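Quick note: the sequence shown uses the numbering used here, first residue 2, plus one each step.
The beta-carbon is built from N, C-alpha and C at its ideal position, and this holds for glycine as well.
All values reported here derive from a predicted model rather than from experimental measurement.
Right, one structure below, let's go through it.
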Amino acid sequence: MKKIFFIAVITLAATVEMSAQKFKVITSVESIVPNGLGRSRIVNALEDKDYREYTSVQTEDDNTRNKSKRGDIRVKNFEETKLLNFYNIGGIRFQNIAANDALLTSMINDMVANGWELAFVTSAVESEGGKGDGQGIFITRYIFKK
2 MKKIFFIAVI
12 TLAATVEMSA
22 QKFKVITSVE
32 SIVPNGLGRS
42 RIVNALEDKD
52 YREYTSVQTE
62 DDNTRNKSKR
72 GDIRVKNFEE
82 TKLLNFYNIG
92 GIRFQNIAAN
102 DALLTSMIND
112 MVANGWELAF
122 VTSAVESEGG
132 KGDGQGIFIT
142 RYIFKK
């Protein structure tokens, strides 16, 4: 009887462990600033944050303010992998895009080799807003799960 109970507990624990999922977000930021003046990177946080520590509740009757400061949210431990900018002095640089693709592929393959599954990819662009703006980024978030 004790053996059956022990096996049942182990099986239940393994089932709970297998059903729990963990997510990880890695972001690439690629500059679309003309003349190659921007910075492009893959950014990977190496520490976890609990969003609840920085969340406040707003209701009609009560404003429960979170006492944490914006600076407390910052992650000080992260990896930063250099990427090439989309533009150089001659204009768009397709060789740079291919090089970035090779680095991103390497990063994705490394994550998969370490047991992560690429679950979602989402991207956005903030491009030049007109004469004199000269700003812009292409941002992609890679969301992995285990």
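Meets three-Cβ-pair contact criterion under 8 Å: the region 39 to 48 and the region 19 to 28
yes
Secondary structure at S57, three-state DSSP: helix, strand or coil?
coil
Buried or exposed: which applies to F145, given that a residue is buried once 16 or more other Cβ atoms fall within 10 Å of its Cβ?
buried
Please report the residue range of the alpha helix (DSSP H) in which I27 lies.
It is not in any alpha helix (DSSP H) - I27 instead sits in the beta strand (DSSP E) that spans 24 to 32.
R142 - containing beta strand (DSSP E), residue span
138 to 146
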